[in-house]
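J.:
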Amino acid sequence: MTDLPAALLAAFLPLFVAINIPGILPLYIGMTDTFSAEDRSQLLVRALAAALVLAVLMLFAGQVIFNTLGITLNDLRVGGGIILLTIAVADLAFGDAKNRRGGKKEERKRMEEITEPVDLPVVPLGIPLIMGPGAITTILVTDGQVGWMITLLAIALNMLLVFVVFTFGPALMRLFGPGTSKAVAKVASLFLTAISVAMIRAGILGMISAGA
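All you need for the numbering used here is the position in the sequence shown, starting with 1, plus 11.
#1: Since I believe Pro132 is in contact with Leu54 (beta carbons under 8 Å), could you give me their beta-carbon distance rounded to a whole number of angstroms?
#2: Whole angstroms are fine: how far does the CA of Ile32 sit from the CA of Gly81?
#3: At the level of alpha carbons, what is the spacing between Ala29 and Thr148?
#4: Who are the near neighbours of Ala61 in its chain, counting only those whose CB is closer than 7 Å to its CB and skipping five residues on each side?
#5: Does the distance from the C-beta atom of Asn85 to that of Ala199 stay below 8 Å?
#6: Quick check on Asp44: does DSSP put it in helix, strand or coil?
#7: Between Ile166 and the rest of its own chain, which residues show a CB-CB distance below 8 Å, the 5 nearest in sequence each way excluded?
#8: Using only CA atoms, which one of Arg212, Ile161, Gly214 and Lys197 lies nearest to Ala22?
#9: Ignoring anything shorter than 4 residues or poking outside the stretch 130-208, list the alpha helix (DSSP H) runs there in chain order.
#10: Measure the alpha-carbon distance for Lys193 versus Leu201 and round it to whole angstroms.
#11: CA-CA distance, Val75 and Leu183?
#12: Val100 and Ile215 look like a contact to me (Cβ under 8 Å); what is the Cβ gap, rounded to whole Å?
#13: Please name the residue in Val208, Ala213, Met170 and Gly180 whose C-alpha comes closest to that of Val56.
#14: Between the Cα of Val208 and those of Ile93, Ala72, Pro16 and Leu20, spot the shortest distance and give me the residue it belongs to.
#15: So, Phe179 versus Tyr39, is the Cβ gap smaller than 8 Å?
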């Protein structure tokens, strides 16, 4: 009989490392710096829902989907990296200007709807930051090692941990003042640019290696 705690730990830890909560928390804080607590809470729930749906879909049908569409994880890395790079560059170039436009919440929301090319909770927060190529690969590998039930439980535990950390992280950051929040937002966008380039590079190198 399988040692359940050991199997769960073996499934939980690799996925925790792949999601990298400490690494994506500053990105989340930077993306939601101007959001109200209510808006941030709604965004987080939608992002986690999108990440969870993708994780479960990959767990039960990942290989079938990849084989049917003729795509690989390297394709996913390149595509996700391009999306992240677009968002990061736009935030670095236009973020301050967007925050200076008017003071009303409704006007800021209108400007965000016009300038944002994607649905922020789903892309890039839910996918590919929370549930990216690394996490998807980990889920597929873990499923083969410990089975779908334990892998599903590990996914649920990691999503719960993300929810807790992301719920209290911004409040802790506010204790350091608005200047720190703005600095974190800019540094986060810079790191997001680096992460996106790394994803694209890993995908391209993976394609080259697969074709060699």
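Cβ coordinates follow ideal geometry from the N, Cα and C atoms, glycine included. Just so we're clear, the structure is a prediction, and the values are computed from it rather than from any experiment.
T.: The structure says:
#1: The residue given as residue 54 occupies position 43 in the sequence shown. The residue given as residue 132 occupies position 121 in the sequence shown. Confirmed, about 5 Å.
#2: The residue labelled residue 81 in the question sits at position 70 within the sequence shown. The residue labelled residue 32 in the question sits at position 21 within the sequence shown. Computed Cα separation, rounded: 31 Å.
#3: Taking the first residue of the sequence shown as 1, we reach residue 29 at position 18. Taking the first residue of the sequence shown as 1, we reach residue 148 at position 137. In a straight line, the C-alpha of Ala29 is about 9 Å away from that of Thr148.
#4: Counting from 1 along the sequence shown, the entry for residue 61 is found at position 50. The answer, listed in chain order, is Pro132, Val133, Gly137 and Ile138.
#5: Position 74 of the sequence shown, counted from the start, is the residue given in the question as residue 85. Position 188 of the sequence shown, counted from the start, is the residue given in the question as residue 199. Not closer than 8 Å, so no.
#6: For this step, residue 44 is matched to residue 33 along the sequence shown. Coil.
#7: Translated into positions along the sequence shown, residue 166 becomes position 155. Excluding positions up to five away in sequence, the list reads Leu26, Leu63, Ala66, Val67, Leu70 and Ile150.
#8: Working through the sequence shown from its first residue, we reach residue 22 at position 11. It is Ile161.
#9: 144-157 and 159-185
#10: Your numbering for residue 193 matches position 182 in the sequence shown. Your numbering for residue 201 matches position 190 in the sequence shown. Whole-angstrom Cα-Cα distance: 13 Å.
#11: Position 64 of the sequence shown, counted from the first residue, corresponds to residue 75. Position 172 of the sequence shown, counted from the first residue, corresponds to residue 183. Taking the straight line from one Cα to the other gives about 43 Å.
#12: On the sequence shown, residue 100 is found 89 positions in, with the first residue counted as 1. On the sequence shown, residue 215 is found 204 positions in, with the first residue counted as 1. Not really, about 19 Å apart at Cβ, beyond 8 Å.
#13: The residue labelled residue 56 in the question sits at position 45 within the sequence shown. Checked all of Val208, Ala213, Met170 and Gly180; the closest Cα to Val56 is Met170.
#14: Here residue 208 corresponds to residue number 197 of the sequence shown, with the count starting at 1. It is Ile93 whose Cα lies nearest to the Cα of Val208.
#15: Reading the sequence shown from its first residue, position 168 is the one you call residue 179. Reading the sequence shown from its first residue, position 28 is the one you call residue 39. In this structure, Tyr39 does not lie closer than 8 Å to Phe179 by Cβ.
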